[in-house]
Amino acid sequence: TQLLEQSPQFLSIQEGENLTVYCNSSSVFSSLQWYRQEPGEGPVLLVTVVTGGEVKKLKRLTFQFGDARKDSSLHITAAQPGDTGLYLCAAWWNSGYALNFGKGTSLLVTP
Amino acid sequence: GAVVSQHPSRVICKSGTSVKIECRSLDFQATTMFWYRQFPKQSLMLMATSNEGSKATYEQGVEKDKFLINHASLTLSTLTVTSAHPEDSSFYICSATKDRAAEAFFGQGTRLTVV
Numbered sequence: 012t013q014l015l016e017q018s019p020q021f022l023s024i025q026e027g028e029n030l031t032v033y034c035n036s037s038s039v040f041s042s043l044q045w046y047r048q049e050p051g052e053g054p055v056l057l058v059t060v061v062t063g064g065e066v067k068k069l070k071r072l073t074f075q076f077g078d079a080r081k082d083s084s085l086h087i088t089a090a091q092p093g094d095t096g097l098y099l100c101a102a103w104w105n106s107g108y109a110l111n112f113g114k115g116t117s118l119l120v121t122p
Numbered sequence: 014g015a016v017v018s019q020h021p022s023r024v025i026c027k028s029g030t031s032v033k034i035e036c037r038s039l040d041f042q043a044t045t046m047f048w049y050r051q052f053p054k055q056s057l058m059l060m061a062t063s064n065e066g067s068k069a070t071y072e073q074g075v076e077k078d079k080f081l082i083n084h085a086s087l088t089l090s091t092l093t094v095t096s097a098h099p100e101d102s103s104f105y106i107c108s109a110t111k112d113r114a115a116e117a118f119f120g121q122g123t124r125l126t127v128v
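Protein chains in written order, with the working numbering: chain A, 12 to 122; chain B, 14 to 128.
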């Protein structure tokens, strides 16, 4: 059972474009995390959102946690080739004993 | 942030042999470590959760006897792929946390190729 649904699964855009990645679930989370992974490496944490409706910004990346704490989005403004990678949302399950990931969004930004 | 070191980064082994992958938390004590498996262009699939000094909790569909996990200390967990077959070839990643539901720190991953 896929607990976290991510969309789109693949995204290929040109430098300078904007994009949004979505992470949805039928469950309510106390917090949700976004990671970025490059090929052959482990994921790196970008942000943790905790409060319903919360918006966090990390340079050109804007993260939002849904009011009901069931979903989240990642918006990238003016994408650059360096943004290329696999973006993963993740949430703690089983009262914090397991960290599960969504299917991921593979982003390719071409010059 | 905290550092998690995974070794080896790449390993090639013959079918039928066993391979051990180590995951170490270098500058903190990890109460819990997690092992994931990742196929190309796919997400991380949780294999098991291990707590120091106790048996690992395996996710449904993961063979306990094939993927042996040992969490002998607060800074070291190992994953042994026993009697490896080509279908076990994959990218294996570990992560560690200081506390339950706290930030997870990931190792660099191990690319296993079984020939």
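The beta-carbon is built from N, C-alpha and C at its ideal position, and this holds for glycine as well.
Could you list which residues in chain A have their beta carbon closer than 7 Å to that of F119(B), in chain order? G53, P54
Please confirm whether F47(B) has its beta-carbon closer than 8 Å to some beta-carbon of chain A. yes
Report the three-state DSSP secondary structure of D9(B) (helix, strand or coil). For chain B, the structure presents residues 14 to 128; residue 9(B) sits outside this window and is missing.
Partners in chain B for S117(A), counting only beta-carbon separations shorter than 8 Å: K54
Looking at E26(A): is its Cβ nearer than 8 Å to the Cβ of A90(A)? yes
What is the residue span of the beta strand (DSSP E) that S56(B) lies within? Run containing S56(B): none; DSSP gives neither H nor E here.
Just to confirm the assignment, what range does the beta strand (DSSP E) spanning G96(A) have? 96–104
Contacts around V24(B), its chain only, beta-carbon distance under 6 Å, and the 5 residues preceding and following it disregarded: V32, L125
According to DSSP, residues forming a beta bridge with R113(B): BP columns for R113(B) are empty, so no partner.
Report the rounded CA-to-CA distance for Q121(B) versus E52(A), giving the unit in angstroms. 5 Å
Where the segment 86–109 of chain A meets chain B: residues whose CB sits under 9 Å from a CB there: L97, L99, A101, W103, W104, N105, S106, G107, Y108, A109
Report all residues from its chain with a CB closer than 7 Å to the CB of E72(B); omit the five preceding and five following residues, and keep chain order. L59, M60, A61
How about A69(B) and W103(A): are their beta carbons less than 8 Å apart? no
With 8 Å set as the bound, which would you pick, yes or no: does the beta-carbon of E100(B) sit closer than that to a beta-carbon of chain A? no
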